[in-house]
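The opening residue of the sequence shown carries number 415 in the working numbering; numbering runs sequentially from there. Beta carbons are placed, not taken as given, at the ideal position from N, Cα and C, and that holds for glycine. Bear in mind the structure is a predicted one, so any value in this text is a computation, not a measurement. Following: one structure in structure tokens, then a few remarks.
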Amino acid sequence: MIPFNKPFLTGKEAHYIYQAVYAGKLSGNGEFTKKCHDFFESRYGFKKAILTTSGSDALEMAAILCNINPGDEVIVPSYTFVSSALAFVRERAKIVFADSCDDNPNIDPDKIESLITDKTKVIVVVHYAGVSCDMDKIMDIAHRHGLFVVEDAAQAIDSFYKGRPLGSIGDFGCVSFHETKNVTAGGEGGLLIVNDEQYIRRAEIIWEKGTNRAEFFRGMVNKYGWVDTGSSFLPSEINAAFLYAQLESLTEIQNRRRDIWNAYNNGLKDLALEGFVKLPNIPSYATNNAHMFYMTCRSLEERTELIAFLKENGVLAVFHYLSLHLSEFYKRHNNIIPNLSNCDRFADTLIRLPLFYELKNEEVEYVINAIRDFYEKKH
Ligand SMILES: *Cc1c(COP(=O)(O)O)cnc(C)c1O
Numbered sequence: 415m416i417p418f419n420k421p422f423l424t425g426k427e428a429h430y431i432y433q434a435v436y437a438g439k440l441s442g443n444g445e446f447t448k449k450c451h452d453f454f455e456s457r458y459g460f461k462k463a464i465l466t467t468s469g470s471d472a473l474e475m476a477a478i479l480c481n482i483n484p485g486d487e488v489i490v491p492s493y494t495f496v497s498s499a500l501a502f503v504r505e506r507a508k509i510v511f512a513d514s515c516d517d518n519p520n521i522d523p524d525k526i527e528s529l530i531t532d533k534t535k536v537i538v539v540v541h542y543a544g545v546s547c548d549m550d551k552i553m554d555i556a557h558r559h560g561l562f563v564v565e566d567a568a569q570a571i572d573s574f575y576k577g578r579p580l581g582s583i584g585d586f587g588c589v590s591f592h593e594t595k596n597v598t599a600g601g602e603g604g605l606l607i608v609n610d611e612q613y614i615r616r617a618e619i620i621w622e623k624g625t626n627r628a629e630f631f632r633g634m635v636n637k638y639g640w641v642d643t644g645s646s647f648l649p650s651e652i653n654a655a656f657l658y659a660q661l662e663s664l665t666e667i668q669n670r671r672r673d674i675w676n677a678y679n680n681g682l683k684d685l686a687l688e689g690f691v692k693l694p695n696i697p698s699y700a701t702n703n704a705h706m707f708y709m710t711c712r713s714l715e716e717r718t719e720l721i722a723f724l725k726e727n728g729v730l731a732v733f734h735y736l737s738l739h740l741s742e743f744y745k746r747h748n749n750i751i752p753n754l755s756n757c758d759r760f761a762d763t764l765i766r767l768p769l770f771y772e773l774k775n776e777e778v779e780y781v782i783n784a785i786r787d788f789y790e791k792k793h
């Protein structure tokens, strides 16, 4: 069976974990955490990078930093992972779901403005598959209405919008290092990117359980205590050491993933020309970090058949999000359910193919041929 995903090990992870263990300091904000922060700040020019225990936790920190009052409204695309919305629900916000573009699962910027009310406080964007949303349009709307923008860049490490790294454009960026992402912090991990200097101090306090411990260790205050809300959002040095090993190989990882992505895209072009499937649309303002290779089928039925056919042939391909506006949780808390047809269409027809560093060229060929065989019978 060709699996859908397999976490890649560079070979240095255990070595760095060993170093962390014998350095005798395992809790958060140690040497490896600082190395990771430096990596992100120097490679991408992030104003402030803060490692977190997960992408979901980075989103929770961003939600706290937006200073939500109960009843404030947050606009979130419905085609996303639960955490993009849940982080704000926990701060007592009301979620207003937005639809995807016609030709791309990202939030449709032309449908945002009609959702804004005098209660709106935040726009959350999700760079699906690591491909940027239309950020100039979105930032313009946010500036005109005085709104925060939180980038859920969980899938978007090392990807860019008009040359700017994703996560660095809105007020806050949130990245995930879950084992299914391009690089992992040993299974779970994340990063909060703070782009506005005025929020850095509070972000560090929220990170360290509501205390000003980070300032204490920098010698800025002579004792530390409870000053704000927060939680234990910082990962252990073991996770930071794991992540650092992966970051050292980031370029190599990205290059291999992109080769696999291009092989799929070239190998499936004919089927797209014949109208059987649609391949991903990468807008000219966006880069492709090869986080995932997806395509869309003509119907839910055909997708279900294709997934079953591939499974019979030893390939694990999977669908993705279910529309959040149709979820059990959202329906329980909201009487009015919006009609978001593009989102529903992606929920019904999108399929993701195996893509991981160690996937061999022959295996990619095999998956492409299996998909061709499936559609051969449809002629
Ligand atoms: C993976 C992911 C998350 C959650 O990240 P975790 O590290 O698993 O908490 C949030 N949003 C999106 C779009 C994701 O893909």
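Alpha carbon to alpha carbon, how far is residue i from residue j?
i      : j      : result
Glu602 : Ala659 : 15 Å
Phe454 : Phe460 : 7 Å
Phe723 : Phe760 : 20 Å
Gly547 : Asn518 : It is Cys, not Gly, that sits at residue 547 in the sequence shown. C-alpha separation (whole angstroms): 9 Å.
Arg506 : Leu664 : 37 Å
His734 : Gly633 : 47 Å
Ala434 : Glu776 : 38 Å
Ala628 : Thr534 : 32 Å
Tyr575 : Pro694 : 17 Å
Ile571 : Ala784 : 31 Å
Asp516 : Arg717 : 19 Å
Lys420 : Phe656 : 16 Å
Lys692 : Ala677 : 16 Å
Is it the case that the CB of residue i approaches a heavy atom of ligand 1 more closely than 8 Å?
i      : result
Ala568 : yes
Gly469 : yes
Cys515 : no
Cys588 : yes
Thr665 : no
Glu602 : yes
Phe770 : no
Val540 : yes
Ser646 : no
Leu473 : yes
Phe422 : no
Thr447 : no
For residue i and residue j, which I take to be in contact (beta-carbon distance under 8 Å), what is that distance rounded to the nearest angstrom?
i      : j      : result
Phe647 : Asp471 : 5 Å
Met709 : Ala543 : Wrong, their Cβ atoms sit about 11 Å apart, outside the cutoff.
What does DSSP give as the partner residues of residue i in its beta bridges?
i      : result
Leu605 : Leu465, Val589
Asp566 : Val540, Cys588
Leu767 : Phe707
Glu779 : Answer by DSSP bridge pairing: none, since Glu779 is not bridged.
Phe574 : Pro579
Ile521 : Ser514
Glu487 : Lys508, Thr534
Ser646 : Glu622
Lys692 : Thr710
key: Sequence ranges, alpha helix (DSSP H) only - wholly within the segment 617 to 642, length at least 4   = The DSSP assignment places 627 to 631 as complete runs of the alpha helix (DSSP H) inside the segment 617 to 642, in order along the chain (cut-off: 4 residues).
Segments of 3+ residues assigned as beta strand (DSSP E) that fall wholly inside the segment 695 to 763 = Listed in chain order, they are 707 to 710.
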